[in-house]
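Q: Below are the structure tokens for one structure; questions will follow.
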Amino acid sequence: MARSSSPASFQPLTQGMRRMLFTASFLVFTVGIPLFLLTSRTDFFFAWTIQSQLTAAFLGGAYWASFVLEFMAARERYWSHARCAVPAVVAFTALTLIVTLLHIDKFHFNVPSLFTRVGTWVWLAVYASVPIIMGLLTVFQLRVPGSSPPRQYPLPQWMRVILMINATVLILLGIAFLIAPTAVMPLWPWALTALTARAIGAWLVGLGIAAAHEVWENDFLRGRPVMVSSVVFSLLQIIALVRYPNEPDWGHPAMWIYLLFLANFLVVGIGGWRMRRQTQQPAVSAH
Numbered sequence: 109m110a111r112s113s114s115p116a117s118f119q120p121l122t123q124g125m126r127r128m129l130f131t132a133s134f135l136v137f138t139v140g141i142p143l144f145l146l147t148s149r150t151d152f153f154f155a156w157t158i159q160s161q162l163t164a165a166f167l168g169g170a171y172w173a174s175f176v177l178e179f180m181a182a183r184e185r186y187w188s189h190a191r192c193a194v195p196a197v198v199a200f201t202a203l204t205l206i207v208t209l210l211h212i213d214k215f216h217f218n219v220p221s222l223f224t225r226v227g228t229w230v231w232l233a234v235y236a237s238v239p240i241i242m243g244l245l246t247v248f249q250l251r252v253p254g255s256s257p258p259r260q261y262p263l264p265q266w267m268r269v270i271l272m273i274n275a276t277v278l279i280l281l282g283i284a285f286l287i288a289p290t291a292v293m294p295l296w297p298w299a300l301t302a303l304t305a306r307a308i309g310a311w312l313v314g315l316g317i318a319a320a321h322e323v324w325e326n327d328f329l330r331g332r333p334v335m336v337s338s339v340v341f342s343l344l345q346i347i348a349l350v351r352y353p354n355e356p357d358w359g360h361p362a363m364w365i366y367l368l369f370l371a372n373f374l375v376v377g378i379g380g381w382r383m384r385r386q387t388q389q390p391a392v393s394a395h
């Protein structure tokens with residue numbers, strides 16, 4: 109028992125996984141720039157043309173939120189505090205590769221601009237390699253000896269219930285978008301294409317896996333990267349709606365469900381951060 113509670117016995121985050129998370133965070137931040145800031149120029153600055161500027165901003169916000177998730181995870185000392193990012197990233201990148209291959213004719217592999225063509229080939233190379241590399245690094249990581257630090261700040265029951273509901277809805281909706289995008293598109297509050305619906309579906313599955321993983325970890329410290337990235341995701345999506353208010357159908361029930369989910373993410377993320385700060389001092393004093 110004494111050995112398992114000693115910091116020296118805790119399973120560290122390997123340098124390989126740390127470098128991969130830092131690299132992935134740089135990549136997603138870079139991808140988010142043209143999507144969130146240059147929404148009208150995806151024909152030149154992105155791997156495929158997105159006609160809807162709100163959709164481009166949505167995807168850009170998701171990429172920047174993922175940057176926060178991966179960057180924070182990469183800075184953690186222990187595997188238990190960083191692993192919340194890994195299954196979501198592996199699932200998202202693998203699904204995005206499938207989406208890319210399904211709609212390969214829509215991508216900018218043959219456009220006149222060399223800059224755009226190179227960027228598109230880089231896109232394909234990244235999504236073909238990241239799931240494999242991160243999967244292998246996970247295998248190596250799991251072979252590192254050591255235990256996980258004890259859970260110090262368990263999530264309250266109400267938060268776990270909300271997160272589990274979020275995870276279930278996001279994963280199911282994401283899978284539906286991936287399998288039958290045209291049938292599910294009417295459930296979204298603004299117009300999508302089959303490609304953008306599937307791209308959003310990949311993100312929804314990734315977000316859902318991250319939420320489910322946070323429930324499984326059941327600790328504010330272990331789930332901190334997910335909580336912070338959820339807040340960033342919500343804020344960026346709200347900014348996107350403010351920038352492009354004419355695209356959504358504000359009378360569609362899905363619009364209000366969407367807003368409810370954004371508020372939900374904010375409440376859980378900010379609430380988790382505040383509750384962790386409130387419980388940390390008593391817990392430290394108790395030791």
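First residue of the sequence shown? That's 109 in my numbering, and the numbers climb one at a time after it.
For each residue, glycine too, the CB sits at the ideal point set by N, CA and C.
Thinking C-alpha only, which one of Ile270, Glu178 and Tyr186 is nearest Met128?
A: Glu178
Q: If we count the other Cβ atoms within 10 Å of its Cβ and call it buried at 16 or more, is Asp357 buried or exposed?
A: exposed
Q: Cutting at 7 Å between CB atoms, please list the residues of its own chain near His189, excluding the five before and the five after it.
A: Leu329 and Arg330
Q: With 16 other CB atoms within 10 Å as the buried threshold, where does Val336 fall?
A: buried
Q: Of the choices Val136, Leu368, Phe215 and Val230, whose alpha-carbon is the least far from that of Pro197?
A: This sequence places Val at residue 197; Pro is not what is there. It is Val136 whose Cα lies nearest to the Cα of Val197.
Q: Pick from Arg382, Ser133 and Phe369: whose alpha carbon is nearest that of Met242?
A: Ser133
Q: Quick one: measure Cβ to Cβ for Val339 and Ile283, integer angstroms, because I've assumed they're closer than 8 Å.
A: Not confirmed; about 25 Å, so no contact.
Q: Okay, do the segment 352-369 and the segment 309-328 touch, 3+ Cβ pairs below 8 Å being the bar?
A: no
Q: Go ahead and label Ser237 buried or exposed: buried means 16 or more other beta carbons lie within 10 angstroms of its beta carbon, across all protein chains shown.
A: exposed
Q: When the distance is taken between beta carbons, is Ala319 closer than 8 Å to Ala275?
A: In this structure, Ala275 lies near Ala319, with their beta-carbon atoms less than 8 Å apart.
Q: Report all residues from its chain with a CB closer than 7 Å to the CB of Arg126; omit the five preceding and five following residues, and keep chain order.
A: Counting only residues of its own chain and dropping the five nearest sequence neighbours on each side, Arg126 has a CB closer than 7 Å to the CB of Ala182.
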